[in-house]
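In my numbering, the protein residues as written are 16 to 410.
The beta-carbon is built from N, C-alpha and C at its ideal position, and this holds for glycine as well.
Below: the structure, in structure tokens.
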Amino acid sequence: MNPTLDAYNIDDLRRMAKKRLPRGIFEYVDRGAEDEVALRHNTEIYRSLKIKNRVLKDVSARTTETEIFGRKLAMPFGISPTASAGLVSEGGEVGLARAAARMGVVCTAATSALTSMEEIHEAGDENLWFQLYMWTDMDLTARFVERIKAAGYKTMLITVDGPVPSNREYNYRNGFAMPLRYSPRLIAQILANPGWCLRVLAPQYLKRGHFRKVNNPPELASKLTQIDVETSYTKPAAQNWDDVKRVRDMWPGNLLVKGLQSAEDAVIAADLGLQGVVLSNHGGRYLDSAPAPLEVVPEVRAAVGDRIKILIDSGARRGGDIVKAIALGADMVMSGRPTLYGSAVAGEAGSYRALDIFKSEMDRVMAQIGVNRIDELGPHIFWNPPAWVPVPSRN
Ligand SMILES: Cc1cc2nc3c(=O)[nH]c(=O)nc-3n(C[C@H](O)[C@H](O)[C@H](O)COP(=O)(O)O)c2cc1C
């Protein structure tokens, strides 16, 4: 197989994925919430920042490598948790974990994955993390955390940004709302895509049966045709920081919260003794008037200093975006859709291709701006930055 897959950037993978997926599934992966202002802004803000080229600096020894929680990474990058990889390629979550291990970056297995946390763990390496949605019943959460520990995970993110379900009007129109109903509209989309039926649907049913959130405890429904997001067990409006404290007390590994967008909340996380935060607007899938996480990195860094790791996701589509986020004070960048597009195109090889594109682009930009190591990145790389970019301390 041609390792480039004839895809030379993430947008190529996106266009190819669109052709290979039923419309409802592609839109579920690709789109945002309400008017999709946050979705568009997440990528536009990266593009709006200009960085200066620097010439005649020896960049022959450059490296994108870094470290997080004592583990080496090929670049400061991780795959965000996504519930749906099993819908875009058969056992897609396993392919994501393998691709990340091969590249040497973080991958995060999702509570709502369609493949079990144990099977995903076998496919990954020490940089495989777990994303927890706390169940409404905290005793169930306690038992679930025991299972995550037993599976071998050492780092966990608790996603906290969905106290109520999101407003995704297109899902009502395209028939892909939960609980999934095999309506004539959905069946027509599926039949219009026989390739997906052969590649994903048939092997799924033959090997694994119904599409299910297989990690759900046996007490809870797990089939996508049964789960009603309005009465979801994982997005209870009553959850609060005390619940996070309870999880912290039962989890011995690194613990981060994902979905924050303010310095106030990051300070609470640091005061609770967590190891980090993932600044995220869920890829523009929840609060449509949210700022891009990139814009809040500087104020969060100013508020928490070096007490915790600051990770960021939502909108990164180029290796240069990773350079920009790190220069603004992030420790690591994560991203959800790019590797899902890759997974839809060619399973593990497609997810790896997305990672490879990010890495080669990052490396090239570092050379162009005269930087050898990521700890040389800082606000001094920006040309004519907007007011929210910190003033550089060196030139
Ligand atoms: C299809 C899809 C499913 C997702 N499922 C989850 C999930 O189960 N848990 C979670 O914490 N975040 C989930 N997310 C959000 C991602 O973790 C991440 O925040 C987002 O994709 C980042 O934006 P980006 O795709 O622009 O990189 C999902 C995102 C997508 C696109």
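Residue i: first and last residue of the uninterrupted alpha helix (DSSP H) it sits in
i, result
"T354", "R352 to Q383"
"F159", "M153 to A166"
"R69", "Run containing R69: none; DSSP gives neither H nor E here."
"Q254", "Per DSSP, Q254 belongs to no alpha helix (DSSP H) and is neither H nor E."
"Q241", "Unbroken run through Q241: none, as it is neither H nor E."
"R316", "P308 to V319"
"N186", "E184 to N189"
"R200", "P199 to L206"
"I396", "Note, I396: premise wrong, no alpha helix (DSSP H); not H, not E."
"A138", "M132 to A138"
For residue i, the three-state DSSP class (helix, strand or coil)
i, result
"T78", "coil"
"K228", "coil"
"R38", "helix"
"A98", "coil"
"A125", "strand"
"I325", "strand"
"G335", "helix"
"D45", "helix"
"N410", "Note that N410 scores a pLDDT of 49, beneath 50, so its modelled location is shaky; the value from the coordinates is reported in the next line. Coil, per DSSP."
"Q276", "coil"
"G106", "coil"
"V52", "helix"
"G93", "strand"
"V348", "strand"
"L221", "helix"
"S270", "The sequence as given places Leu at residue 270; Ser does not occur at that position. In this structure, L270 counts as strand in the three-state DSSP scheme."
Beta-carbon proximity of residue i to residue j, cut-off 7 Å
i, j, result
"G110", "S358", "yes"
"A281", "V319", "yes"
"G330", "A307", "yes"
"R352", "A48", "no"
"I323", "A285", "yes"
"V1", "A100", "Residue 1 lies beyond the residue range present for the chain, which begins at 16 and ends at 410; the question has no answer from this structure."
"M118", "L370", "yes"
"K273", "T174", "yes"
"A112", "L143", "yes"
"N387", "R77", "yes"
"Q254", "L271", "no"
"L206", "T240", "no"
"I341", "L294", "no"
"T130", "L147", "no"
"P405", "P394", "yes"
"T123", "P96", "yes"
"Q383", "N68", "yes"
"G85", "M349", "no"
"G334", "F373", "yes"
"A252", "V179", "yes"
"W266", "M171", "yes"
"R38", "Q204", "yes"
"T79", "M377", "yes"
"R316", "Y185", "no"
Same chain, Cβ closer than 8 Å to residue i, neighbours up to 5 away in sequence not counted
i, result
"R12", "Absent from the structure is residue 12, since the part of the chain shown begins at 16 and ends at 410."
"I60", "A307, L309, E310 and G330"
"V312", "L294, I325, I327, A340, L343, G344 and A345"
"V74", "M381, A382, G385, V386 and N387"
Range of the contiguous beta strand (DSSP E) that encloses residue i
i, result
"I173", "T170 to T174"
"L294", "G291 to L294"
"D145", "The residue you asked about is not Asp; residue 145 is Phe in the sequence shown. Its beta strand (DSSP E) spans residues L143 to L147."
"R86", "R86 to L88"
Close beta carbons around residue i, own chain, < 7 Å, minus the five adjacent residues each side
i, result
"N182", "A48 and E49"
"A305", "A53, Q276 and N296"
Beta-carbon proximity list for residue i, same chain, < 6 Å, skipping 5 on both sides
i, result
"A361", "L20"
"R200", "G190"
"R227", "S237 and K238"
"T156", "M149 and W150"
"E133", "A166"
"V229", "S131"
"N410", "Its pLDDT being 49, under 50, N410 is placed unreliably in this model, and the coordinates cannot settle the point."
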